[in-house]
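Numbering (UniProt numbering), first residue to last: 1 to 110.
A short write-up of the structure that comes next.
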């Protein structure tokens with residue numbers, strides 16, 4: 001499954017029903033660090049999408065992303081969060097590729 005661009009609460013609820021942990025990247029088009037880490041996030045999605053759902057949320061999307069990001073306590077980009085059964089269980093802030101990979105390995109032992 002490719003990375004999902006989250007655009008509504010209904011879409012988020014549907015993904016939550018799949019009983020797979022959700023890995024969210026909160027990003028913005030103007031964020032150079034987000035562009036830097038993007039290919040790594042895509043690679044992780046390609047490798048682990050059978051176990052995890054990978055999602056992008058544009059924090060500048062006024063129709064959905066802005067409020068969703070605020071509701072999740074996002075204050076910097078990129079921010080990555082792991083959601084299990086509707087609950088945030090872990091968060092990583094920053095564009096360090098090695099930390100992102102280690103973080104997922106530590107959280108899921110994938």
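Here a beta-carbon is modelled for each residue, glycine too, at the ideal position from N, C-alpha and C.
Keep in mind that this is a model prediction, so the values were computed, not measured.
Sub-8 Å separation of residue i and residue j beta-carbons
i, j, result
"residue 37", "residue 100", "yes"
"residue 6", "residue 57", "yes"
"residue 107", "residue 78", "no"
"residue 89", "residue 82", "yes"
"residue 8", "residue 95", "no"
"residue 80", "residue 24", "yes"
"residue 53", "residue 15", "yes"
Expected contact under 8 Å - CB spacing of residue i and residue j to nearest Å
i, j, result
"residue 4", "residue 28", "Not confirmed; about 17 Å, so no contact."
For residue i, the three-state DSSP class (helix, strand or coil)
i, result
"residue 6", "coil"
"residue 106", "helix"
"residue 100", "helix"
"residue 15", "helix"
Start-to-end residues for the alpha helix (DSSP H) that takes in residue i
i, result
"residue 41", "32–48"
"residue 64", "Neither: residue 64 is in no alpha helix (DSSP H) and is coded neither H nor E."
Residue i, enclosing beta strand (DSSP E) - first and last residue
i, result
"residue 92", "87–93"
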